[in-house]
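Residue numbers (full-length UniProt numbering): 1 to 102. Virtual Cβ for every residue (Gly too), placed ideally from N, Cα, C. This report concerns only the one structure given below.
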């Protein structure tokens, strides 16, 4: 689902609050590229595990397709940090004003 749908569902059904939102799509594209390169570099091992050429082509296509989708922003990925009001604070979280909590 899109970020607005997630945010709306959180607001309607939960007391969780969004503390941070990070778009990680371009980083994920680089991860997919690295996975594909490592996969192709180890094809002898993949074949030794019993995977055929059809599987190898399909997996390479899938990784390349996903990488392109994230690079071109046709696909997206975000990391959301949520905080429950009145929850014990952690040293890595910024202070959160809970005075307007439900």
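task = Pull up the distance between the alpha-carbon of residue 102 and that of residue 56, whole angstroms please.
result = Because residue 102 carries a pLDDT of 40, less than 50, the predicted location of this residue cannot be relied on, and no value is offered for it.
Beta-carbon within less than 8 Å of residue 77's beta-carbon, same chain only, minus the 5 sequence neighbours each way: which residues are those? Closer than 8 Å at the Cβ level, and outside the excluded window around residue 77, lie 23, 24, 25, 28 and 70.
(request) Could you round the C-beta distance between residue 17 and residue 82 to whole angstroms and report it? I think they count as a contact, below 8 Å. (result) 7 Å
- Message: Helix, strand or coil, according to DSSP, for residue 63 in the structure here?
- Response: helix
Practice prompt. Taking residue 17 as part of the beta strand (DSSP E), name the residues at either end of that continuous run.
Written response: 17–23
Looking at residue 86: is its Cβ nearer than 8 Å to the Cβ of residue 60? no
Discussion item. Using a 10 Å radius around the Cβ and a threshold of 16 neighbouring Cβ atoms, would you call residue 84 buried or exposed?
Written reply: exposed
Inset, instruction - Look up residue 81 in the DSSP assignment and say whether it is helix, strand or coil. - result: The answer is strand: DSSP assigns residue 81 an E or B state.
Check your understanding: Where residue 19 and residue 8 are concerned, what is the direct C-alpha to C-alpha distance, given to the nearest angstrom?
Key -> 15 Å
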